[in-house]
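The sequence shown begins at 3 in my numbering and counts up by one. For glycine and all other residues, C-beta sits at the position ideal for the given N, C-alpha and C. Since this is a predicted model, take the numbers as computed values, not measurements.
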Amino acid sequence: MSESRKTAELEKALSALRLLRDTCSAAINALNQPLSSTQTSLLATPPTPAVLHKDYQTLLTLIYTSTTKLTLVLRPSAPAPKAALGPISDLGAAITSIATCATLFDLHGSTLSSYARRSAREICEAVISLAGTFVEDSGEEYLVRTGTVHDLVEQARRELPADNLAAVKMRWKEDRGMLEDSSSDINAMVEDAADEGDGSLDDNFDDEFDDEFDELGFGSTKKMSEVELERVKKVQPLVRFGTLLHKRVVPDVLSRVSMSQPTSDALIAALDALPARSHAVVLAMEELVAALYAPQKPTTLRSAVAAFADAMTQMHASALAEPLLPSDSEITNQMGALSLNSGAEAKGGGEKAKDPRKWFDACLAQIEKSAKAIDEMLAPDAALAT
């Protein structure tokens with residue numbers, strides 16, 4: 003093959019790679035936009051979550067295989083630019099399709115859609131980087147970039163929830179872990195305070211160590227006074243009830259929700275409201291933990307306690323919304339019908355028919371009671387600090 007022909011084929015491949023990068027950039031832009039009414043109007047029949055899930059998985063496989071083929075034909079040791087045109091074209095088509103597929107998940111809930119959109123966006127960014135290594139002739143770097151695309155595809159396969167309910171449960175589980183970590187931090191404060199006082203470090207070293215920790219952003223390690231320790235102990239029940247209420251939402255509320263039938267807009271909206279409420283609790287808890295480190299500021303701690311209690315109140319209201327949890331009478335009617343259809347379950351029906359609202363209301367009452375007690379304890383100190 004003549005040098006001029008080789009050069010021409012190489013230029014075609016490079017042009018195709020640049021076009022692939024532009025395609026990925028356009029896909030990322032589309033993924034950052036909400037699904038428009040124009041797009042939905044073009045659908046003869048809205049695809050179900052199961053259909054979208056299957057299509058998404060198929061496109062992930064196509065991206066994986068096309069990336070592999072592209073890497074093999076453009077490896078620096080034996081490049082075949084002409085043979086790369088097919089995989090590049092296939093990869094570009096798959097990228098465009100997966101962006102469209104990801105946005106269509108909006109039809110079934112923004113929480114579900116956020117997982118599909120995020121994964122597709124990350125894959126597009128990785129493909130841009132991979133194409134760039136070939137355009138810029140970055141040597142063996144293409145192996146790392148190919149591995150990144152493959153890893154992101156495998157991660158998307160594993161993590162894409164089946165429906166919006168599953169997506170909300172996944173978010174809830176992530177937040178629960180962070181809440182438990184924050185709760186452990188508060189318990190550790192009490193335990194550490196009990197272990198202090200052995201005099202193993204001199205005061206000068208303690209002060210220098212505290213200053214360095216503050217500069218690094220890890221929070222203060224200064225010893226707590228007795229008053230500060232009592233405040234932490236007062237906060238412990240508040241945090242314990244809050245963490246418990248959050249934990250029970252999945253088994254007592256979300257486990258009752260069924261996605262087997264076509265879901266209403268009200269149910270989708272109720273589910274999508276939950277992750278934001280949950281994360282607001284996480285952020286409020288983190289602020290509360292930060293306010294408990296010595297030296298404490300009563301006004302800051304007081305505000306943090308109020309914010310945490312408010313976040314819990316809002317989460318409680320969203321979790322017990324009518325679309326998610328039927329009224330007490332409706333639950334009783336549903337279980338009564340179940341008992342009539344299955345005599346063997348009639349005896350157990352009374353236990354299952356219990357409305358969990360009573361437990362959640364009682365737990366929230368304890369949270370409000372604890373928050374009020376802490377506020378009253380801090381009020382005099384906060385007044386002196388102003």
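Going by DSSP, L145 is part of the alpha helix (DSSP H) stretching over E143 to E161.
With contact defined as three or more Cβ pairs closer than 8 Å, the region 282-299 and the region 171-181 are in contact.
Here the alpha carbons of L54 and V234 stand approximately 49 Å from one another. Relative to the Cα of W174, the nearest Cα in the group L247, S305 and P83 belongs to L247. Look at T67 here: in three-state DSSP terms it is helix.
The beta carbon of A128 sits closer than 8 Å to those of R147, T150, V151 and L154, all from its chain and outside the five residues before and after it, given in chain order.
Just measuring C-alpha positions, the residue of L72, D194 and T245 sitting nearest A296 is D194. The C-beta distance from V137 to L16 rounds to 6 Å, short enough to fall under 8 Å. P300 sits away from D187, with the two beta carbons spaced by 7 Å or more. Its chain contains A321 as the residues whose beta carbon lies nearer than 6 Å to that of V251, once the 5 sequence neighbours on both sides are disregarded; these appear in chain order. A straight-line Cα-Cα distance of about 58 Å links E13 and P325. Contact check for A122 and A101: beta-carbon distance about 6 Å, within the 8 Å limit, so the pair qualifies. Counting every other CB atom within 10 Å of its CB across the protein chains shown gives E161 a total below 16, marking it as exposed.
Counting along the chain, the unbroken alpha helix (DSSP H) around F243 starts and ends at E228 to D254.
When DSSP states are grouped into helix, strand and coil, T47 belongs to the coil group. Contact check for A164 against Y117 fails: the beta carbons are separated by 7 Å or more. T265 carries a coil assignment under DSSP once its states are collapsed to helix, strand and coil. In this structure L167 touches M261 by the C-beta definition: roughly 5 Å separates them, less than 8 Å. Under the 10 Å beta carbon count, E230 is surrounded by 16 or more other beta carbons and is classified as buried. One alpha carbon belongs to L290, the other to A373, and they sit about 12 Å apart. In this chain, the alpha helix (DSSP H) harbouring L93 covers P83 to L106.
Taking a cut-off of 8 Å for Cβ pairs, the region 71-87 and the region 46-62 do not touch, as fewer than three such pairs fall below it. Around the C-beta of D267, fewer than 16 other C-beta atoms lie within 10 Å, and the residue is accordingly described as exposed.
Listed in chain order, the non-local C-beta contacts of L37 below 6 Å within the same chain comprise T105 and D108, local neighbours out to five positions each way being set aside. The Cβ atoms of I97 and C126 sit closer than 7 Å to each other. Comparing alpha-carbon positions, the option among A272, Q238 and P253 lying closest to V307 turns out to be Q238.
No Cβ-Cβ contact shorter than 7 Å links R258 with M317. A311 sits in a helix when the DSSP states are folded into three classes.
About 18 Å separates the CB atoms of D274 and T50; that is not less than 8 Å, and the two are not in contact.
Boundaries of the alpha helix (DSSP H) harbouring S131: S112 to V137, taken from the DSSP string. Less than 7 Å separates the beta-carbon of K171 from that of L256. Burial check for A311: the Cβ neighbour count within 10 Å reaches 16 or more, so the residue is buried.
Annotated three-state conformation of N189 is helix, per DSSP.
Within the same chain, A286 come within 6 Å of A309 by CB-CB distance, once the 5 residues on both sides are set aside.
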